[in-house]
Structure formats: C-alpha cells, structure tokens
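In the UniProt record's numbering, the protein residues as written are 1 to 285. Glycine included, every Cβ here is placed at the ideal spot set by N, Cα and C. Comments concern the structure below.
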C-alpha cells in the first residue's frame, strides 16, 4: 500500500472545532444577496476600472452583473466579495462525472483586480501563451507560488451532502500527493496528511442544497480559507494543500472540470491582452 494511504490510516481523526453555518444546522439556509449588495458590486466594478475589465471572458457576453454557465444555466457574479475584497471572475465551467456527463457543480476562478494586474510582472506570464498554460502545469504553479489570492467558487447544481463533496476534494488532493510522492520525504507526507485531515474535519454531516455557495481561497500567505454561504468553515495552514487544491482545477491531467480549465485559460488570455492594449493606448496618449 502506498505510504500516503498508510499514513492516512495511522492518523487520529481530527477533533478540530467545526465553524460556520454548516456546523450548526443540517439544512443550510440558501444564501441570498440583497439588491444593495449588487448595487455595491456595480460601484466596486467601476472603482476597479470599467474600461480595463468591461469585456467578460465567458461566452463573449456583454458586460453585465452575472454570467450564465450554458450547461446548467447557473448565474455567476462577475465580481465576488470575500474578506471585504472584490475579486474578478476569470473563467468558469461545470464539473461532470461518469460517461453520462452528469452535472455536479459549477465552479468559477476569481482573483482580485490588483493581482490580475500583477500577472504581467511574472516572468512566465509576461507573454501569456494559452497553449502552454493548457499543456503544462508550470505556469499555473508559478502563479500559485506568488503572494496572490485565488478563489474557487463552487455551487452545486443539485442537492448533495457535504461528505460527498468533501470526499471528491480529498481524492483529488490524494491523487496529486501520490503523483508527487517520489520527491517527498515521509515527514513531508505526514505533514500533508495531517493537513488533509484538518481539511476534512471542516465538513460536518449535512445536506447541501443546490445553488448554495462554497468559496475556497488560496490566500496570499499560502493558507486555504474555506467558506460556506459567506460564513467561515475554517482555514488550513498548509502551503502544499492550498496550492494543490486550486491545481486540481488547473492541472492538465484529469482536471476536475476540463470545461472550466479551458475557460479559465481563455479568461487569462483576454484579461492580459486587454491590459497590454490599455498600456499601449496610455503610451500613445
């Protein structure tokens, strides 16, 4: 048996306290945003620069408050407010399972405007190559090595359970750990397994209604902050886990959603091209 799984069985179950609405009730209340929130979102969008980000990246739609994912018709906000910070949608897509392509959840990748602007200063991102981004994981890993916030917003398309979602996330993390284990010491593996146990402990036994919201953020200080319906579930303080949770959606080998990965790549390409054009226009002025 692979030592990662041997270590998993050796570890005691975490007794970390559960936080947030999931820990308090078995039937979470659907989180609704008031009109005031959307008015604030529009104001924030203007502050971030309408001209720079006026073109949405998904489906070439016109600039609006939300973008619809075509397979599920779920609407995602172009701007997401977490930690009192507005983040911009880069791309989204649906996760599908089995040969029947059953829709499980829609995910979107978000980043703060200032972090998107900083991409042009990264060596591997200065001349963004979409085909390279899609064929190798080096560019995505170089992004996650930087002190930036990257959020994955997940919305189930059907009623499910937190354990079902948790187990899917855990399988992705264990697979990435197995793929990298040749370069890890046993102590490093043990530390990662402990972090995975903490991660799992933040998912209590509860039903999760469709159209409710999870947000997982790889923070600029390399932790993974977990939220459900605007309430904090917990934070895992492990750099490997924070980066590799996001890489589960950007990895070219068996990503959680190829549709989302393709759209995220297109989103980065469009946003960086717009930045380059704006810079050229400024220099000409």
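Quick one: is residue i buried, meaning 16 or more other Cβ sit within 10 Å of its Cβ, or exposed?
{"i": "residue 253", "result": "exposed"}
{"i": "residue 162", "result": "buried"}
{"i": "residue 283", "result": "exposed"}
{"i": "residue 228", "result": "buried"}
{"i": "residue 238", "result": "buried"}
Whole angstroms is fine: what's the gap from residue i's alpha carbon to residue j's?
{"i": "residue 223", "j": "residue 149", "result": "10 Å"}
{"i": "residue 258", "j": "residue 249", "result": "8 Å"}
{"i": "residue 233", "j": "residue 141", "result": "26 Å"}
{"i": "residue 138", "j": "residue 265", "result": "13 Å"}
{"i": "residue 209", "j": "residue 92", "result": "20 Å"}
{"i": "residue 118", "j": "residue 111", "result": "11 Å"}
{"i": "residue 77", "j": "residue 215", "result": "13 Å"}
{"i": "residue 26", "j": "residue 179", "result": "Reliability fails at residue 26, whose pLDDT of 32 lies under 50, so the model's placement of it is uncertain and the value that follows must be treated cautiously. So the alpha carbons of these two residues sit roughly 36 Å apart."}
{"i": "residue 167", "j": "residue 281", "result": "49 Å"}
{"i": "residue 195", "j": "residue 72", "result": "33 Å"}
{"i": "residue 165", "j": "residue 192", "result": "20 Å"}
{"i": "residue 66", "j": "residue 152", "result": "16 Å"}
{"i": "residue 147", "j": "residue 221", "result": "6 Å"}
{"i": "residue 173", "j": "residue 81", "result": "26 Å"}
Considering just the uninterrupted stretch of the beta strand (DSSP E) at residue i, what are its terminal residues?
{"i": "residue 226", "result": "224-228"}
{"i": "residue 288", "result": "Since the first residue shown for the chain is 1 and the last is 285, residue 288 is missing from the structure and cannot be characterised."}
{"i": "residue 139", "result": "Unbroken run through residue 139 is the alpha helix (DSSP H), 138-144; no beta strand (DSSP E)."}
{"i": "residue 93", "result": "85-97"}
{"i": "residue 67", "result": "66-69"}
{"i": "residue 153", "result": "150-156"}
{"i": "residue 287", "result": "Residue 287 lies beyond the stretch modelled for the chain, which goes from 1 to 285, so this question has no answer here."}
With DSSP collapsed to three states, give me the class of residue i.
{"i": "residue 75", "result": "strand"}
{"i": "residue 128", "result": "coil"}
{"i": "residue 248", "result": "helix"}
{"i": "residue 165", "result": "helix"}
{"i": "residue 241", "result": "helix"}
{"i": "residue 198", "result": "helix"}
{"i": "residue 289", "result": "Past the boundaries of the shown model lies residue 289; the chain is included only from 1 to 285, so the question cannot be answered."}
{"i": "residue 159", "result": "coil"}
{"i": "residue 123", "result": "helix"}
Taking residue i as part of the alpha helix (DSSP H), name the residues at either end of that continuous run.
{"i": "residue 272", "result": "258-284"}
{"i": "residue 118", "result": "113-118"}
Looking only at its own chain, which residues have a Cβ that is under 6 Å from the Cβ of residue i, when we skip the five neighbours before and after it?
{"i": "residue 199", "result": "236"}
{"i": "residue 29", "result": "Below a pLDDT of 50, predicted positions are generally treated as unreliable, and residue 29, at 33, falls in that range; no measurement from the model is reported."}
{"i": "residue 203", "result": "162, 166"}
Which residues in the same chain have their Cβ closer than 7 Å to the Cβ of residue i, if we skip the five residues on either side of it in sequence?
{"i": "residue 116", "result": "88, 271"}
{"i": "residue 50", "result": "With a pLDDT of 35 at residue 50, under the threshold of 50, the modelled position of this residue cannot be trusted, and the question is left open."}
{"i": "residue 269", "result": "128, 130"}
{"i": "residue 95", "result": "104, 105, 107, 256, 257"}
If we cut at 8 Å on Cβ distances, does residue i have a partner in chain C?
{"i": "residue 192", "result": "In summary, chain C is missing from the structure at hand, where a single protein chain is found."}
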